[in-house]
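Engineer:
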Amino acid sequence: MSSATEQRTTDQATETDSGETGPVRTIGHDEYDPIGTLILIAIYFAILVLLWLFMYFVEFLGNGPTVVGTLVTVVGLA
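So this is what it looks like as structure tokens:
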């Protein structure tokens, strides 16, 4: 008798379109651990933060906020 929470792994030899045969492992939802995807997302986020910091220092280092400065002069003329 099997329960609904039992994890089942099947190794079967199958033939692909290229004619190669090899074991195929069926992975259930609970066994899937996407560590590689998490690492890629973290790397992309780190690149995004580094580029944002670089652009912040290029745009604002030694200068005032240009958008606010332009907005104040336009509002002052009206």
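Position one of the sequence shown corresponds to residue 12 (this note's numbering), numbered consecutively onward. Ideal placement from N, C-alpha and C gives every residue a C-beta, glycine not left out.
Given this structure, state the Cα-to-Cα distance separating Tyr55 from Gly39, to the nearest angstrom.
Structural biologist: Sequence index remark: in the sequence shown, residue 55 carries index 44 (1-based). Sequence index remark: in the sequence shown, residue 39 carries index 28 (1-based). Spanning the two alpha carbons is a distance of roughly 28 Å.
Engineer: Tell me the rounded alpha-carbon separation between Leu64 and Ala53.
Structural biologist: As a working mapping, residue 64 is identified with position 53 in the sequence shown. As a working mapping, residue 53 is identified with position 42 in the sequence shown. Those two C-alpha atoms are separated by around 16 Å.
Engineer: Could you compute how far the alpha carbon of Leu49 sits from the alpha carbon of Pro34?
Structural biologist: Working through the sequence shown from its first residue, we reach residue 49 at position 38. Working through the sequence shown from its first residue, we reach residue 34 at position 23. The straight-line gap from Cα to Cα measures roughly 27 Å.
Engineer: By the DSSP assignment, the alpha helix (DSSP H) with Gly33 in it spans what residues?
Structural biologist: The residue labelled residue 33 in the question sits at position 22 within the sequence shown. No alpha helix (DSSP H) contains Gly33, which is instead part of the beta strand (DSSP E) from Thr32 to Arg36.
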